[in-house]
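*Asks:* Note that the protein sequences, when read in sequence, are chains A and B.
Every letter in the first sequence is one number past the one before it in our numbering, and letter 317, counting from 1, is 317.
To convert, count from 1 in the second sequence and add 1000; that's our numbering.
All C-beta atoms in this analysis are idealised placements derived from N, C-alpha and C, irrespective of residue type, glycine included.
2 protein chains.
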Amino acid sequence: MDLTERKLKILQAVIADFIKTAEPIGSRTISKNYSLGSPATIRNEMSDLEEMGYLTHPHTSSGRVPSEKAYRLYVNELMKKRELSQEEKDAIANELYQNVNELDSLIERAAHVLSEITSLTAFALSPGKEQDKLRYINLLPVDDYSVVLMLVSDSGKVSNTVVRLKAPASEDTLRILAKNMTYNYSGKTLSEALTMDIIQNLKADAEAMSMFENSIAPSFIKTLEDMLNVNLYMDGLTNIFALPEYNDIQKARSFFEMINRKADITQKLISRGDGIEITIGRENQDAELSDCSVITATYHVDGRLVGKLGVIGPTRMKYDEVTSVVEYLTDNISKAFMLTEGDDDDR
Amino acid sequence: MDLTERKLKILQAVIADFIKTAEPIGSRTISKNYSLGSPATIRNEMSDLEEMGYLTHPHTSSGRVPSEKAYRLYVNELMKKRELSQEEKDAIANELYQNVNELDSLIERAAHVLSEITSLTAFALSPGKEQDKLRYINLLPVDDYSVVLMLVSDSGKVSNTVVRLKAPASEDTLRILAKNMTYNYSGKTLSEALTMDIIQNLKADAEAMSMFENSIAPSFIKTLEDMLNVNLYMDGLTNIFALPEYNDIQKARSFFEMINRKADITQKLISRGDGIEITIGRENQDAELSDCSVITATYHVDGRLVGKLGVIGPTRMKYDEVTSVVEYLTDNISKAFMLTEGDDDDR
DNA sequence: GATTAGCACTCAAACGAGTAGAGTGCTAAC
DNA sequence: GTTAGCACTCTACTCGTTTGAGTGCTAATC
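1. Please tell me whether D260(A) has its Cβ less than 9 Å away from any Cβ of chain B.
2. Expressed to the nearest angstrom, what Euclidean distance is found between the alpha-carbon atoms of D172(A) and I199(A)?
3. Where A1169(B) and I221(A) are concerned, what is the direct C-alpha to C-alpha distance, given to the nearest angstrom?
4. Between N1332(B) and chain A, is any beta-carbon pair separated by less than 9 Å?
5. Quick one: is S146(A) near chain B, going by C-beta distance under 9 Å?
6. Per DSSP, what kind of secondary structure is T1173(B) in: helix, strand or coil?
7. Go ahead and label N1138(B) buried or exposed: buried means 16 or more other beta carbons lie within 10 angstroms of its beta carbon, across all protein chains shown.
8. Quick test of your reading: I1107(B) and Y1328(B), contact by CB under 8 Å. State the CB separation rounded to the nearest angstrom.
9. Can you tell me where the beta strand (DSSP E) with F1123(B) in it begins and where it stops?
10. Chain B partners of E95(A), CB-CB under 8 Å?
11. Could you pull out every residue in the same chain whose Cβ sits closer than 6 Å to the Cβ of K308(A), ignoring the five residues on either side in sequence?
12. Taking DSSP as the reference, what is the three-state secondary structure of T161(A)?
13. In angstroms with no decimal places, state the Cα-to-Cα distance between A208(A) and L177(A).
14. Could you tell me whether any Cβ in chain A is nearer than 9 Å to the Cβ of A1252(B)?
15. Can you give me the C-alpha to C-alpha distance between V158(A) and E1083(B), rounded to a whole angstrom?
16. I'd like the span of the beta strand (DSSP E) that includes D1235(B), first residue to last.
17. Give the single residue among Y1054(B), N1229(B), P1314(B) and M1258(B) whose Cα lies nearest to the Cα of N1247(B).
18. Comparing C-alpha positions only, which one of E225(A), N332(A) and E213(A) sits nearest to I151(A)?
19. Tell me, which residues are paired with N138(A) by DSSP?
20. Check the Cβ-Cβ distances between G307(A) and every residue of chain B, and say whether any is below 9 Å.
21. Could you tell me the boundaries of the alpha helix (DSSP H) in which T1319(B) lies?
22. Quick check on this structure: which residue in V326(A), E257(A) and Y319(A) has the alpha carbon closest to the alpha carbon of L73(A)?
23. CA-CA distance, S27(A) and I10(A)?
24. Could you tell me whether the stretch 1001-1009 of chain B touches the stretch 45-54 of chain A, where touching means 3 or more Cβ pairs closer than 8 Å?
25. Quickly, what does DSSP pair T279(A) with across the bridge? List them, please.
26. For the alpha helix (DSSP H) containing V1014(B), name the first residue and the last one.
27. How would you list, in chain order, the residues of chain A whose beta-carbon sits under 9 Å from the beta-carbon of V950(B)?
28. Quick check on M196(A): buried or exposed, where buried means 16 or more other Cβ atoms within 10 Å of its Cβ?
29. Would you verify that the beta carbon of D1048(B) is, or is not, closer than 9 Å to some beta carbon of chain A?
30. So, for M1181(B): in the same chain, excluding its five sequence neighbours on each side, which residues have a beta-carbon less than 6 Å away from its beta-carbon?
31. Say the cut is 8 Å; is the CB of L177(A) nearer than that to a heavy atom of the ligand ZN?
32. Pull up the distance between the alpha-carbon of T29(A) and that of D17(A), whole angstroms please.
33. Return the bridge partner residues of Y1299(B) from the DSSP annotation.
34. What would DSSP say about T189(A), mapped onto helix, strand or coil?
35. Give me the residue from A217(A), M227(A) and V163(A) with the minimum Cα distance to S191(A).
36. Hey, V148(A) and T161(A): beta-carbon distance below 9 Å or not?
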């Protein structure tokens, strides 16, 4: 059987209406709102579309609901890109840049804006720092028994840990050790630094060495890992309560329990492809996501740092709108954080 | 009418059973499980207790439910402190100290443990830093146009911001400016620092002054505020789905929406009294909390830093258990972070 | 006088029959 | 190939009935 022009139009109409209303769509509705023929004709066509796997039937006497196959077709072929109007763009940019001056707050803000616009649950991943290089290592005394260990990377990311010392250290010792560590590590990527044999490389006096081995080394590793770690920001969690799909308390519960396992979510996001990726229903490996769709996009900062953002929602979502917004956001993040280059004045 | 011995016992029985089952308690149930007389006797007593305001009646032919007044009496007089067994204490300590080496992670961990044990929603507030004093200010170059502004406080808290400069700065200028800022601000509390007239106090060369005014000052204020700001950690949000009180999707929704307004929650927590504070139902000012109880406790670190933690749940909660756990946790936090004093080897 | 047994009464929740309405599938006419 | 017409299906809703837990009251008992 062929997907004739009219069949496509009817399918598109069903998808559009269902995305709006979340109710199964009957032949009469389509017939009234689109001039595609009488209810009976539409019924025949719908019946064909069902046979072809694009529509389903909750029960014999109800209207039609798009299948995952239909959404896939829609996303790949039928959907036309929804250009954002200048006002929309301005509104987004406005929201996005509200007192933001480090990358992570921008990312967090992006998740917020995204959830606001789409009325779905949004998330954003701060960039992976594998290729980022260490620049400085500093040790600053707090009191006799504690120092701040501070790492600064080329991309401007700063991480610090307060380290408790087993024995008090002189400022001199700290200075020497910090200098020595910087000498050894600066220019190395974070991942390299983690795999280096640390003790071997240090050449310092006995006191510094002992302090390093006993107190600093474990914190150093932890701080490196901390720098490498991506942060997951989520927003709009309660948006799902507005969706009829989640009227059932059990559904809402399992959604929240899934979304709360942040480590899992991060893992899943990282392993998604580059660019805009849309997965629909059971295309998501995960059983828990089998009636959700996920849309993610990748942003790049300065050609080196890479992160993701996106939304999760029911398979019935405004794919066109979400795609546009997600794309616009990633573009803007990339533009806002051109490192090293002299930056284009604010907004 | 008097609260006779038997009335008290019956009241206590109703409260205990209701906390367990969330179902209205009938006279037969009490009569069977406690030897306090026949159902008819219990009925008469319950009727009196209702007249006195300790019990209510969802409808004529249902069992009794404790009123807020009953919970208040229970908490103030009837409840006996539930001592934690050594195993319970060990289990808590074990969970609590899992790879924790800064105060904030300990606080976060505490919220986690608390929610796990109580099966309620737990929160913890990192300490307010008003009395904390600035120790260091540092400016570290990242590249020509950006520097890290870093503040270290007496309590070991470190905050940093990456500042974009309008014009490139020499390392010398940065060093001079940092030294000068440290000279002016070290020893001041964070709140004092915020109110000081910054520009007035600097005595540095023209280049440093201009950099300060144009680039550093706004970030400095922001970083100070960031240091002052308390963090709110929450855990066990999805626990409420297991409670019959939140079987209604609307209730669950408004709970989540309330709990998501983090700024509000922080505000409310901060304004609560010292020590263990229990507020029941409409004792909470907030209409949104009118069928919740909130239990908070205060921890002190080193006599200067003060923070809070606690749980929020339905008025029907295990007040005795929650109180004990919350108390044990705050004690442990205080002990774990005796700053300056040589620390007592772990656990 | 306090306690208890007994009984009529109340109400929510569960169940089931009946109905309305939306929608389909099929047939026959256009 | 399209459409009107009609029988049929199924859900959602309504309404009356039943069941069972529990009360309140009265009268008998301790």
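*Replies:* Taking the coordinates as given:
1. First, the residue type needs correcting, since residue 260(A) is Asn and not Asp in the sequence shown. Chain B contact via Cβ: present.
2. 20 Å
3. 32 Å
4. no
5. yes
6. helix
7. buried
8. Between Y1328(B) and I1107(B) the Cβ distance is about 15 Å, and since that is not below 8 Å, they are no contact.
9. T1121 to L1125
10. The premise fails here: E95(A) is roughly 17 Å from chain B at the closest Cβ pair, so nothing lies under 8 Å.
11. L125, L269, T296 and T298
12. strand
13. 6 Å
14. yes
15. 44 Å
16. L1232 to D1235
17. P1314(B)
18. A small fix is needed here, since residue 151(A) is Leu in this sequence, not Ile. When each option's Cα is compared against that of L151(A), the closest is E225(A).
19. M150(A)
20. no
21. The question names Thr, but residue 1319(B) in the sequence shown is Tyr. Note, Y1319(B): alpha helix (DSSP H), Y1319 to A1336.
22. Y319(A)
23. 9 Å
24. no
25. V294(A)
26. E1005 to T1021
27. Here chain B comprises residues numbered 1001 to 1347, so residue 950(B) is not present and cannot be evaluated.
28. exposed
29. no
30. I1137
31. No copy of the ligand ZN appears in this structure; indeed no ligand is present at all.
32. 9 Å
33. G1307(B)
34. strand
35. M227(A)
36. yes
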